[in-house]
Amino acid sequence: MTSDNPFATPQAPLTAPKAALASVGREPLQFVAAMIVAAAVVFFGSNAVQWIFDLGNYRERLPQYLPTMLANWLGGLAFYAAAVLLLVHYQRERHGIARFQPLAGLLVGFGVAYLIATMVVSTAVSYLSVSFYQWAFEQGSRTLRIALYGQVNSLINLALGCLLPLWLVLHLARSRCEPMAPGQAAALPSWHVALAVALCFTAVIYKLVTALGYGVLYLYSGADGWQSVFMLSSCVLPFAIVMTAVWTRLPARLSRFAAGRVLACALVLLALWMVAIVLASVLVAFAAYSSLNSSSLPLYLLPPAILLLALLWPLARWCTGWFFAEQMAQSSPR
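First residue of the sequence shown? That's 4 in our numbering, and the numbers climb one at a time after it.
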């Protein structure tokens, strides 16, 4: 029979060490930055070549089309940034990657692959599109067809010129990346998820607005190009509202990015907001028709516009709570 020594130093009970947290928020944003740099090289480089050689009287036409070109390029950057964020986070979570290594080599490799793939894909699409444009300009309602075809081309360029090179770079470097340790949890700042939701929402909104403005409302016919800048600037406030609403609804840190839920949250939010916009448009049309006074039309448009922007806040918070309920329950409150 033995007894405990009352003079022995007390020992703490053996417990499993708490799993370390892996910070994973910065690296996906660095891939977005690499994409932006490569896209800037393509955009400004191609325009510089056309300026130097004055292809098709480029210098004379540049002042008219420069606002449209810049607005479309910036709007496309939002679309590409959202796609890059989703793919990088998806690959990281699917394969349990803690750190991408070698990060500098991956960023440079992605940038170079993006440059090469974008130039090849855009050249091939332009060559294959000649017959379509010849046919489209012979049709009566060609603007809608051209607008839809342009959106399809942008999706092809995104998939083959950006996402495919990114996937190949990440796939080839997967064996060199640092894996997550068993039981290790990720620590992702919630504003990264909010940024991705807002980017997806705003990018699709801008695509819809530009396609509608060009193909249906004919806003670009005989215009000086500043309509594109106005459309792009009109997306800034919805972007800020959605990002702030999602960010304040989520806890400070999340264990997962959940790319599928991010995309679904943005698309459901967009669908709900589109329904509200259609209903408001019908009410405004009835009110304007009954007044028979076109000068009072801005008075009918302003209150619904303010109401629709205000409606984004509760809709975004509701969608966030619906799609991220599991993570919000597992994470600590803000």
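Even glycine gets a Cβ: it sits at the ideal position worked out from N, Cα and C.
Note that the structure is predicted; figures quoted are calculated from it, not measured.
Using C-beta distances below 7 Å, list every residue in its chain close to residue i, excluding the 5 sequence neighbours before and after it, in chain order.
i: A41; result: G114, Y117, L118
i: F326; result: R264, A267, C268
i: A15; result: Because A15 sits at a pLDDT of 46, beneath the cut-off of 50, its placement in the model cannot be relied upon, and the following sentence gives the value as read from the coordinates. So the list is empty, once near-sequence residues are dropped.
i: G99; result: P182, M183
i: M4; result: The predicted model places M4 with a pLDDT of 48, which falls under 50 and marks its position as unreliable; any figure quoted below should be read in that light. Excluding positions up to five away in sequence, the list is empty.
I need the straight-line Cα distance from residue i to residue j, nearest angstrom please.
i: C165; j: Q67; result: 29 Å
i: C180; j: A214; result: 41 Å
i: A139; j: G79; result: 24 Å
i: W194; j: V249; result: 8 Å
i: E329; j: Y83; result: 28 Å
i: A343; j: A51; result: The structure shown does not extend to residue 343, since the chain spans only 4 to 337, so no value can be given for it.
i: S125; j: G186; result: 45 Å
i: L163; j: I39; result: 16 Å
i: R64; j: I55; result: 14 Å
i: F47; j: W76; result: 10 Å
i: P31; j: W321; result: 26 Å
i: L69; j: M122; result: 21 Å
i: V281; j: F135; result: 33 Å
i: G112; j: A308; result: 45 Å
i: L161; j: S49; result: 18 Å
i: P3; j: M72; result: Here the chain has residues from 4 to 337 only, and residue 3 is not among them.
i: W316; j: P306; result: 16 Å
i: A19; j: Y152; result: Summary for A19: the model assigns pLDDT 41, below 50, so the residue's position carries little reliability; its value from the coordinates is reported in the next sentence. Their Cα atoms are separated by approximately 58 Å.
i: R29; j: Q137; result: 46 Å
i: L175; j: N60; result: 44 Å
i: A260; j: Y130; result: One point to set straight first is that residue 260 is Phe, not Ala, in the sequence displayed. Distance between the alpha carbons of F260 and Y130 is about 39 Å.
i: L58; j: V239; result: 34 Å
Cβ atoms of residue j and residue i: under 9 Å apart, would you say?
i: A255; j: H92; result: no
i: L270; j: V207; result: yes
i: L286; j: L318; result: no
i: Y209; j: M234; result: yes
i: A36; j: L110; result: yes
i: Q53; j: L106; result: no
i: Q94; j: L173; result: yes
i: A274; j: A199; result: no
i: T251; j: A81; result: no
i: A353; j: L311; result: Residue 353 lies beyond the residue range present for the chain, which begins at 4 and ends at 337; the question has no answer from this structure.
i: A127; j: V232; result: no
i: V212; j: S237; result: yes
i: A101; j: A184; result: yes
Between the Cα of residue i and the Cα atoms of the options, which residue gives the shortest distance?
i: P192; options: F46, M331, S49, V52; result: M331
i: E96; options: L311, L171, A313, P182; result: P182
i: Q154; options: S132, C322, L282, L169; result: S132
i: W170; options: Y136, V87, E63; result: V87
i: C203; options: I39, S178, L89, G48; result: L89
i: L167; options: I309, A120, C322; result: A120
i: R177; options: E141, Q137, G108; result: G108
i: I244; options: F260, L253, A201; result: A201
i: T323; options: L253, Y152, L147; result: L253
Excluding five sequence neighbours on each side, which residues of the same chain lie with their C-beta closer than 8 Å to the C-beta of residue i?
i: L314; result: W276, A279
i: R62; result: W54
i: N156; result: V128, S132
Can you list, in chain order, the residues of its chain whose CB lies under 6 Å from that of residue i, leaving out five sequence neighbours each side?
i: Q142; result: none
i: L17; result: Low confidence applies here, because L17 scores a pLDDT of 44, under 50, leaving its location unreliable; read the following figure in that light. Around L17: no qualifying Cβ.
i: V44; result: none
Within the 9 Å Cβ cut-off, does residue i reach chain B?
i: A150; result: Note that chain B does not occur in the displayed structure, where there is just one protein chain.
**OP:** Please go through the segment 228–262 and give each complete alpha helix (DSSP H) segment of 4 or more residues, from N-terminal end onward.
**Re:** 229–236, 239–252
**OP:** Entirely within the segment 76–107 and at least 3 residues each: give me those beta strand (DSSP E) ranges in chain order.
**Re:** 100–102
Original post:
Taking only runs of the beta strand (DSSP E) that begin and end inside the segment 181–216, which ones reach a length of at least 3 residues, in chain order?
Top reply: 188–192
**OP:** List in chain order: all unbroken alpha helix (DSSP H) runs of 4+ residues lying wholly within the segment 139–168.
**Re:** 145–161
Subject >> Complete runs of the alpha helix (DSSP H) confined to the segment 37–75 [at least 4 residues] >> reply: none
Original post:
What are the start and end residues of each continuous beta strand (DSSP E) run of 3 or more residues lying completely inside the segment 268–334, in chain order?
Top reply: none
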